[in-house]
Structures are given as C-alpha cells and as structure tokens.
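Trainee:
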Amino acid sequence: MTSSEIDRSQIRYARLAGFLFLWLIMTGLGGLFLNAHIVGSGAFDETAKRVAASEHLYRVALCLELIETMSAALLAFALYVTLKPVDPLLAQLAMYWRLGESFLGAAGMMGGFVRLGLYISPKSIAALGAEQSQALVGLTGDAGFASYNISAAFFGIGSILFFYLFFKSSYIPRTLSVFGVFASVLVPIMCFGTLVFPGSAGVLQYGWAPMAVAEVTTGIWLMVKGVNRQPQG
Numbered sequence: 066m067t068s069s070e071i072d073r074s075q076i077r078y079a080r081l082a083g084f085l086f087l088w089l090i091m092t093g094l095g096g097l098f099l100n101a102h103i104v105g106s107g108a109f110d111e112t113a114k115r116v117a118a119s120e121h122l123y124r125v126a127l128c129l130e131l132i133e134t135m136s137a138a139l140l141a142f143a144l145y146v147t148l149k150p151v152d153p154l155l156a157q158l159a160m161y162w163r164l165g166e167s168f169l170g171a172a173g174m175m176g177g178f179v180r181l182g183l184y185i186s187p188k189s190i191a192a193l194g195a196e197q198s199q200a201l202v203g204l205t206g207d208a209g210f211a212s213y214n215i216s217a218a219f220f221g222i223g224s225i226l227f228f229y230l231f232f233k234s235s236y237i238p239r240t241l242s243v244f245g246v247f248a249s250v251l252v253p254i255m256c257f258g259t260l261v262f263p264g265s266a267g268v269l270q271y272g273w274a275p276m277a278v279a280e281v282t283t284g285i286w287l288m289v290k291g292v293n294r295q296p297q298g
C-alpha cells in the first residue's frame, strides 16, 4: 500500500469516526428518551400496562440503545486507525478501553429485555405477584445502573487517551483536543462518584455536558475536515 493510499484510508476512517460520534449520540439519546416516555412513573401495574400497550416501541427503544453500544466498537476501531500513525501502542490501548465500554454496555442491555419480560408476561406477574415483580424490576435496574457507570468509566479512560493523541498529532485543533481531555477526565470521576454516592447521581449527570459538546464538535470537524496532517505552530 502506497503512502497516498494510507493517507486516504486514514482520512476515510477519520470521517467515519466523525459520523459515529454523532450516530452514537443520536441512537443513545433516542433510545433513552423513548424508553423513559413509555415507562413513565407510577406503580408496577401501571407501568406494565403502558409497556404492554407499546411493547414493540419499547423493543425499538432497547434496540436503539443496543445499536449505540455495538456501534461504539466500530468507533473504537475507526479512531484507532485514525490515530495509529501517532502512537500505535497508545492508540491500541485506547481502543481496548473503548471496546470494554462496548462489551460491558451490550451485556448490560440484557437487563432491559429481562424487565420487558416481567412487564408483559401475565404468567410471571401471576406467579410472583406485583410486589415481587416490582422488586425484580428494581434489581435489574440496579444491575443496569452499575453496568452503565462501569462501561462509561471505560469510555472515559479511552476518550482521555484518544483526545491526548489528537492533541499530540494536531489532527484537530489543539484547543478542541484539550477540551476533549478535560471533558473525558470528568467522566470516570462522575461514574465512580455515582457508584459511591448513588443518591447524588442526578447532580453528577451534569458532568456529561462537556463530553457531549466535545464529541459533537469533534464529530462535525472530522466529518467535514477529516484530519489536519499539517503540524500546527
């Protein structure tokens, strides 16, 4: 493969990574909001009726979240190919962290389908009763809460390394790289804080805001500009 072919391949993967940054946000938020809209709040019986009435839409919401976490593996590889010329070993390590995010997130999604079964299965509700069914829903929710924060911590560490490599390479503006590192550092802090102080989860979630800005901006930049191979002064 010639140098020009390598350059073109790197640019293609950089643009793919840019698209995937935005794709993950759209699919993840789409599934999250759709799920929350269907489930709502209230007693188990009320929630079960809403979910049963919108079972296929609820499955779509779960699948959107699953697509997001599966797409994270492709993003990890695209970023690895983009940044491999800068530091192959560090790019590989960053990819492993982001792959950990994808695998843990996908495993955690099983809890969502277990909850769906509890909501829509008359036999389960009849055998367990509403109170025990609610307790099982709560238990799967706790497991999902833990897996989400653990996978997000993997995400944050991988993002720190990838944004550091962007800074080192000047492939994107260094100001954006620095902001990306800062936003990424907040993520594992927020995740461990949530695991230690679950009662403060609502407040700590605001720590995602800088990460959202960093990923949207980086995604748009990579899609439009690709990578800047000219060193910045």
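In our numbering, the protein residues as written are 66 to 298.
No residue lacks a Cβ here, since even glycine has one placed at the ideal position from N, Cα and C.
Model, not experiment: these values are computed from the prediction.
1) Is the separation between the beta-carbon of Thr-134 and that of Ala-82 shorter than 7 Å?
2) Considering only C-alpha positions, which residue in the set Thr-282, Thr-283 and Gly-258 is nearest to Gly-272?
3) Do the CB positions of Ala-279 and Phe-231 come within less than 7 Å of each other?
4) Under DSSP, the alpha helix (DSSP H) around Phe-262 begins and ends at which residues?
5) Helix, strand or coil, according to DSSP, for Asp-152 in the structure here?
6) Apart from the five residues on each side of it in sequence, which residues of its chain come closer than 6 Å, Cβ to Cβ, to Gly-221?
7) Within 10 angstroms of its Cβ, does Ala-274 collect 16 or more other Cβ (buried), or is it exposed?
8) Please state the DSSP three-state secondary structure of Ala-108.
9) Return the chain-ordered list of same chain residues with a C-beta closer than 6 Å to the C-beta of Trp-162, the five sequence neighbours on each side being excluded.
10) What span of residues does the alpha helix (DSSP H) with Ile-237 cover, start to end?
11) Leaving aside the five residues before and after Gln-199 along the sequence, list all residues of the same chain whose C-beta is less than 7 Å from its C-beta, in chain order.
12) Could you give the DSSP three-state label for Gly-83: helix, strand or coil?
13) Please name the residue, chosen from Phe-262, Pro-238 and Asp-72, that lies closest to Ala-211 on a Cα-to-Cα basis.
14) If you draw a straight line from the alpha carbon of Arg-115 to that of Ser-242, how long is it in whole angstroms?
Mentor: Concretely, from the data shown:
1) no
2) Gly-258
3) no
4) Here Phe-262 belongs to no alpha helix (DSSP H), and DSSP marks it neither H nor E.
5) Residue state, collapsed to three classes: coil.
6) Ser-249, Val-252 and Pro-253
7) exposed
8) Of the three classes helix, strand and coil, the one that applies to Ala-108 here is coil, per DSSP.
9) Phe-219, Ile-222 and Gly-223
10) First-last for Ile-237: undefined, no H or E at that position.
11) Phe-109
12) helix
13) Phe-262
14) 44 Å
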